[in-house]
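Chains as they are written, first to last, in numbering that gives the first Met the number 0: chain G, 0 to 231; chain V, 0 to 231; chain F, 0 to 231; chain Y, 0 to 231.
Below: one structure, written as structure tokens.
4 protein chains.
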Amino acid sequence: MSNVGSPFHSLSNQELREQYLAAGFAGRVEWGRRPAVLVIDMAGAWTTPGEQLGSDLGGVVGQITRILDVARQRGGVPIDFTTMAYDPDLKEIGTVVRRKTPHTELMVRGSDRVGLIPVLERRPNEPLIEKPRASAFFGTNLLSMLISERVDTTIIVGCSTSGCIRSTVESAFNNNLHAIIPASAVGDRSWSAHEAALFDIDARFGDVMPVDEVLAHLREPAGAPSEQGSRP
Amino acid sequence: MSNVGSPFHSLSNQELREQYLAAGFAGRVEWGRRPAVLVIDMAGAWTTPGEQLGSDLGGVVGQITRILDVARQRGGVPIDFTTMAYDPDLKEIGTVVRRKTPHTELMVRGSDRVGLIPVLERRPNEPLIEKPRASAFFGTNLLSMLISERVDTTIIVGCSTSGCIRSTVESAFNNNLHAIIPASAVGDRSWSAHEAALFDIDARFGDVMPVDEVLAHLREPAGAPSEQGSRP
Amino acid sequence: MSNVGSPFHSLSNQELREQYLAAGFAGRVEWGRRPAVLVIDMAGAWTTPGEQLGSDLGGVVGQITRILDVARQRGGVPIDFTTMAYDPDLKEIGTVVRRKTPHTELMVRGSDRVGLIPVLERRPNEPLIEKPRASAFFGTNLLSMLISERVDTTIIVGCSTSGCIRSTVESAFNNNLHAIIPASAVGDRSWSAHEAALFDIDARFGDVMPVDEVLAHLREPAGAPSEQGSRP
Amino acid sequence: MSNVGSPFHSLSNQELREQYLAAGFAGRVEWGRRPAVLVIDMAGAWTTPGEQLGSDLGGVVGQITRILDVARQRGGVPIDFTTMAYDPDLKEIGTVVRRKTPHTELMVRGSDRVGLIPVLERRPNEPLIEKPRASAFFGTNLLSMLISERVDTTIIVGCSTSGCIRSTVESAFNNNLHAIIPASAVGDRSWSAHEAALFDIDARFGDVMPVDEVLAHLREPAGAPSEQGSRP
């Protein structure tokens, strides 16, 4: 069996995008007026190559750091981190989730696996959210926090592109939050899954763009023209 | 660019499954004790080949009909249908959703595009849910309805595999509902997107299986041994 | 029936407010920057005195009309209406809800009971949301619509103060939306339940104020000083 | 302070109940088939008389202990505890919630205020849920946990009757979960608010009954006749 499963195995990216555009997908959500940065699951279980879910995300860490630096310098850009964690008894996971994804059993609250990597230097005013599922919005207080900050745009970074990133971007979209995904600031243990997910995310939920474009936007003065005009 | 984006372009299905199993994915959720059938978006916009989102789903319709026949004969199996529909003014869609997926603008309440195909013969006690997003659970009363019926298992059929089916299965999983996806009773305008989504769904959220296996289960007497034992 | 149910019938308002303030309740949420008007359940079932749930809400209708007039004149203030409605089969209500509140069985989609009263003159760009429960946010797309409009403040009017108004205000609060309740633009079949609910709402969830204060705010130019400064 | 705030201080209970019944409220949800016990906010901030939110809940603690004893002896009855807790920076509360209810600023994660009282002897397989709002269902994973356990009935105990108990019971009702409230196992800093809330809860959301009736039900063998028949 070859190629089965690729959404564009014999098509160029450009051709495929045109197919999606013709079907009424892949429009641009553009930037809203007030961005936040969501850093998804940059914790030991995912960033340590020897771990069951782990892989080498060094390049991704570097890109996230660049974005955090600029966001912190600009000021007024809320930053939220997530991890996944359950009590040692694991009862709060639930039968279905535990059977389908037994790796959840490793995510014990307080362990190194669920601790953020120190290099991101989380600040006290940057909340850390323990999420029970792939989407950062499911079973958490995140949406209420973003509403409180008048955030309308979420810059979503971290891992894994095909899992928690995809699910979080879909939730942002469902809630009419602009989602921006800096391509090299999200990572996955599988390169092909990463590529397929980025294409799918861009077609359905949020705008995938280069990290440099995100940085350029964050460096613009607040209220600049590019932040206007968020009506259809 | 060829093959980029396929999660298994150079791997056999079996090899890839083993990779996922090693990473703690792709377990079996198995059947719970009380199933319902969710029929997703079998309406004109998706089932009419000339439509922007449409494709020939004749084979899928036939498989869904087989499942509905057996479920209705057995009795006690709740059946729920969904479609997508917005007021003509379209304001309820929201800016982000409308920009990224402009095909939503065609889904006008009361039009043929959003009407169920008559061949499925919806009965008065089979609710029709107007969902505003891909997942049948987002912005609807579906979860409360399923809880009321003590449903713990959702047999999910309809279209599109890579869109509304995938999102609905993820929501079922998030809520610890067993999700069963009869492979030939879900369809997509793209065969490769269909195949990729089925693999992903099976690895992350629910059990993909042949229609015949679903029918065999529905024909078993309620309370039979195979319905027992839903604990990890 | 007078005063029955008032939480402050023998305490002065001032004394009781001081008790609540001492316990860390009853702060002011103040106005945010961008208001919307939510008109709750102004439909036949509630506004027709002969109906099971009905009472004379003529005074309330007059106050709502004043608010809608000013909001429509100002422009840029989203207005959303709600009603409750179920399919004739009533299966979508669910066992628990139907048993505890059998009046839900009267709310049949398409009937006069669930139709908005014409005097409010709903416009095409003012969505009508069918909500399945007391809160306008439960099982609906309302929150996503408000986020899309960058609304941070909900002016909540309609009925019943002790039921759907209270629940809707609590949901707004949970989501960190400023809730403003113009006292004489909400009504209830019981005066004492109305009074008790207003006090409770003001202590826990939103700011109750005179209609004239709401009108004055809506007449201010957008971006005026009173709209600033929504941080603790 | 006696009777202040009671909705029935001058009407007999019976008269008022008849008014509610005539309006299609106050039906009985009855027991479902599989109960769980939710113990709400039995932590230092609420149970210590000197605290801002505190009061003497000694009697309530005794009743909760009786229920936990019987539920643990029976086995197979999930027990879940809640508390409220925020990071020291308090940013996750949000502007609106913090302004209206500044007592939230005291609920610092890890402090005695948010720690459960030891006398309830929480077991490792009895999850402790940190909830951000009054309802135990808002921004938490609780509903998914209950679905996983096939729970259809929630016995809700703890404090405060007029706050977190009321909100949690409403959420259970919204999700078609049977809610049972043992009257003397819930408490409030105000007796009159307690009485008014119990009446309101019973009219709108769940069945209020004596603790002894709850204990008798929990002592029945599972699958006994009284657990049958949960259809309208």
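Here a beta-carbon is modelled for each residue, glycine too, at the ideal position from N, C-alpha and C.
Spatially closest choice to residue i from the options, by CA coordinates
{"i": "Asn37(F)", "options": "Leu67(F), Ala44(F) and Glu29(F)", "result": "Looking at the sequence provided, one finds Leu at residue 37(F) rather than Asn. Ranking the options by Cα distance to Leu37(F), first place goes to Leu67(F)."}
{"i": "Gln62(Y)", "options": "Glu212(Y), Ala221(Y) and Pro220(Y)", "result": "Glu212(Y)"}
{"i": "Glu125(F)", "options": "Ala35(F), His216(F) and Leu89(F)", "result": "Ala35(F)"}
{"i": "Gly57(Y)", "options": "Ala215(Y), Val210(Y) and Val185(Y)", "result": "Val185(Y)"}
{"i": "Asn12(V)", "options": "Arg218(V), Asp199(V), Arg98(V) and Phe204(V)", "result": "Asp199(V)"}
{"i": "Val59(F)", "options": "Ala135(F), Asn173(F) and Val118(F)", "result": "Val118(F)"}
{"i": "Leu127(F)", "options": "Ile78(F), Arg16(F) and Met208(F)", "result": "Ile78(F)"}
{"i": "Arg32(F)", "options": "Val150(F), Asp86(F) and Ile179(F)", "result": "Val150(F)"}
{"i": "Glu104(G)", "options": "His216(G), Tyr85(G) and Pro220(G)", "result": "Tyr85(G)"}
{"i": "Val28(F)", "options": "Gly205(F), Arg218(F), Thr100(F) and Ile39(F)", "result": "Gly205(F)"}
{"i": "Met83(Y)", "options": "Gly109(Y), Arg218(Y), Gly75(Y) and Arg73(Y)", "result": "Gly109(Y)"}
{"i": "Asp187(Y)", "options": "Thr167(Y), Asp55(Y), Thr81(Y) and Trp30(Y)", "result": "Asp55(Y)"}
{"i": "Met41(Y)", "options": "Ser189(Y), Thr153(Y) and Gly114(Y)", "result": "Gly114(Y)"}
{"i": "Thr100(F)", "options": "Thr153(Y), Pro87(Y), Ala22(Y) and Pro181(Y)", "result": "Ala22(Y)"}
{"i": "Ile179(Y)", "options": "Arg112(Y), Thr167(Y) and Ile154(Y)", "result": "Ile154(Y)"}
{"i": "Phe80(F)", "options": "Ile39(F), Val107(F) and Trp30(F)", "result": "Ile39(F)"}
Backbone secondary structure at residue i - three-state DSSP
{"i": "Pro34(F)", "result": "strand"}
{"i": "Asn2(F)", "result": "Low local confidence applies: a pLDDT of 34 at Asn2(F) is under 50, so the model's placement there is unreliable, with the coordinate-based value given in what follows. Residue state, collapsed to three classes: coil."}
{"i": "Ile63(F)", "result": "helix"}
{"i": "Asp68(Y)", "result": "helix"}
{"i": "Ala42(G)", "result": "strand"}
{"i": "Thr100(F)", "result": "coil"}
{"i": "Thr94(Y)", "result": "helix"}
{"i": "Pro231(Y)", "result": "The pLDDT assigned to Pro231(Y) is 40, lower than 50, so where the model puts this residue is not dependable; a value taken from the coordinates is nonetheless given after this. Residue state, collapsed to three classes: coil."}
{"i": "Glu226(F)", "result": "At Glu226(F), the pLDDT of 41 sits below 50, so the modelled position is not reliable; the number obtained from the coordinates is stated separately. Correct three-state label for Glu226(F): helix."}
Cutoff 7 Å; reference residue i; Cβ partners in own chain excluding five residues on either side
{"i": "Leu19(G)", "result": "Just to set this straight, residue 19(G) is Tyr in the shown sequence, not Leu. Answer for Tyr19(G): Ala25 and Ala202, listed in chain order."}
{"i": "Ser5(F)", "result": "Residue confidence is low: Ser5(F) scores 39 on pLDDT, short of 50, so the model does not pin down where it sits. Its coordinate-derived value is still stated next. Taken in chain order, the residues that qualify are Ser191, Glu194 and Ala195."}
{"i": "Val162(V)", "result": "For the record, residue 162(V) in the displayed sequence is Gly; it is not Val. Cβ neighbours of Gly162(V) beyond the five flanking positions: Ala133."}
{"i": "Arg65(Y)", "result": "Val210 and Leu214"}
{"i": "Val69(F)", "result": "Leu214, Leu217 and Arg218"}
{"i": "Val96(F)", "result": "Thr103"}
{"i": "Val168(G)", "result": "Ile155, Ala178, Ile180, Ile200, Phe204 and Gly205"}
{"i": "Val207(F)", "result": "Ile180, Ala182, Leu197, Ile200 and Asp201"}
Residues of its chain near residue i, where Cβ-Cβ distance is below 8 Å and the 5 sequence neighbours each way are ignored
{"i": "Ser183(Y)", "result": "Gly58, Val59, Gln62, Pro209 and Val210"}
{"i": "Arg71(V)", "result": "Ile78 and Arg122"}
{"i": "Ile116(G)", "result": "Met41, Ala42, Gly43, Thr46 and Val60"}
Other residues of its chain near residue i: CB distance less than 6 Å, five sequence neighbours each side excluded
{"i": "His102(G)", "result": "Gln51 and Leu52"}
{"i": "Ser170(Y)", "result": "Ser134 and Phe136"}
{"i": "Arg73(F)", "result": "Leu217"}
{"i": "Glu148(V)", "result": "Pro77"}
{"i": "Pro131(Y)", "result": "Gly138"}
{"i": "Asp111(G)", "result": "Gly43"}
Proximity test, residue i beta-carbon vs the ligand COA heavy atom, cut-off 8 Å
{"i": "Ser54(F)", "result": "This structure lacks the ligand COA; in fact it carries no ligand of any kind."}
Legend entry - Ordered list of alpha helix (DSSP H) runs contained in the stretch 147–213 of chain F, each at least 4 residues: With a minimum length of 4 residues, the continuous alpha helix (DSSP H) runs that stay inside the stretch 147–213 of chain F are 165–173 and 190–203.
Inset, instruction - Please determine if the stretch 76–96 of chain V and the stretch 137–156 of chain F are in contact, where contact requires at least 3 C-beta pairs separated by less than 8 Å. - result: With the rule of 3 Cβ pairs closer than 8 Å, the stretch 76–96 of chain V counts as touching the stretch 137–156 of chain F.
Legend entry - Contained beta strand (DSSP E) runs [length at least 3] in the stretch 106–152 of chain F, N- to C-terminal order: Entirely contained in the stretch 106–152 of chain F, the beta strand (DSSP E) runs reaching 3 residues are, in chain order, 127–129.
Inset, instruction - Count the CB pairs spanning the stretch 149–164 of chain V and the stretch 40–48 of chain V that are closer than 8 Å, and state whether there are at least three. - result: Yes: at least three Cβ pairs fall under 8 Å.
Inset, instruction - Decide if the stretch 167–176 of chain Y is in contact with the stretch 143–153 of chain V; the criterion is three or more beta carbon pairs, one per stretch, under 8 Å apart. - result: Contact annotation: the stretch 167–176 of chain Y touches the stretch 143–153 of chain V, with at least three C-beta pairs closer than 8 Å.
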